[in-house]
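For the sequence shown, the working numbering begins at -18 and goes up steadily by one.
Virtual Cβ for every residue (Gly too), placed ideally from N, Cα, C.
Bear in mind that the values here come from a model prediction, so they are computed numbers and not experimental data.
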Amino acid sequence: MYILNKFIRRTVIFFFFCYLPIASSESKKIEQPLLTQKYYGLRLGTTRVIYKEDAPSTSFWIMNEKEYPILVQTQVYNDDKSSKAPFIVTPPILKVESNARTRLKVIPTSNLF
């Protein structure tokens, strides 16, 4: 155990001293930070999703019109926009590729059990 701890300490110290001159020289070269900003947005297939009480679920589509993929997390809220509604959307997290369209399914939580 002592040998392993000694090896880890040497490795950390070696890495620190090797990395320190590179970091300090790089920080002098950069005058302003480079910022990359991407705007994202999805096109929804509908403005409202209407659920009929006798139906097991309903669905709608979304489309990513950007040239890069977007990670989407889905949630359903009540009218007050703070409490969650008794519905889930599947899939809850998905990756939508560029210029791709996918369908989301809305299921009431009462149908789950």
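Under 6 Å Cβ to Cβ from residue i, same chain only, skipping five residues before and after it: list those, please.
i: ALA81; result: ASN45
i: PHE68; result: VAL57, VAL87, PRO89
i: GLY26; result: PHE41, TRP42
For residue i, name the three-state secondary structure that DSSP assigns.
i: SER91; result: helix
i: LYS65; result: strand
i: VAL30; result: coil
i: TYR58; result: strand
Taking the alpha-carbon positions, what's the residue i to residue j distance?
i: VAL77; j: ASP35; result: 30 Å
i: ARG84; j: PHE41; result: 6 Å
i: TYR58; j: SER64; result: 6 Å
i: THR71; j: LEU52; result: 14 Å
i: LYS33; j: THR39; result: 8 Å
i: PHE(-12); j: ARG24; result: In this predicted model, PHE(-12) has a pLDDT of only 40, less than 50, meaning its place in the structure is not dependable; the value taken from the coordinates is given anyway. If you take the alpha carbons of PHE(-12) and ARG24, they lie about 55 Å apart.
i: ALA66; j: THR17; result: 36 Å
To which residues of the same chain is residue i closer than 7 Å at the C-beta, ignoring the five residues directly before and after it?
i: PRO50; result: LYS76, VAL77, GLU78, SER79
i: TYR21; result: LYS47, ILE51
i: PRO37; result: ASN92
Keeping to the same chain, check which residues put their C-beta closer than 8 Å to that of residue i; ignore five residues upstream and five downstream.
i: ILE74; result: LEU52, VAL53, GLN54, THR55
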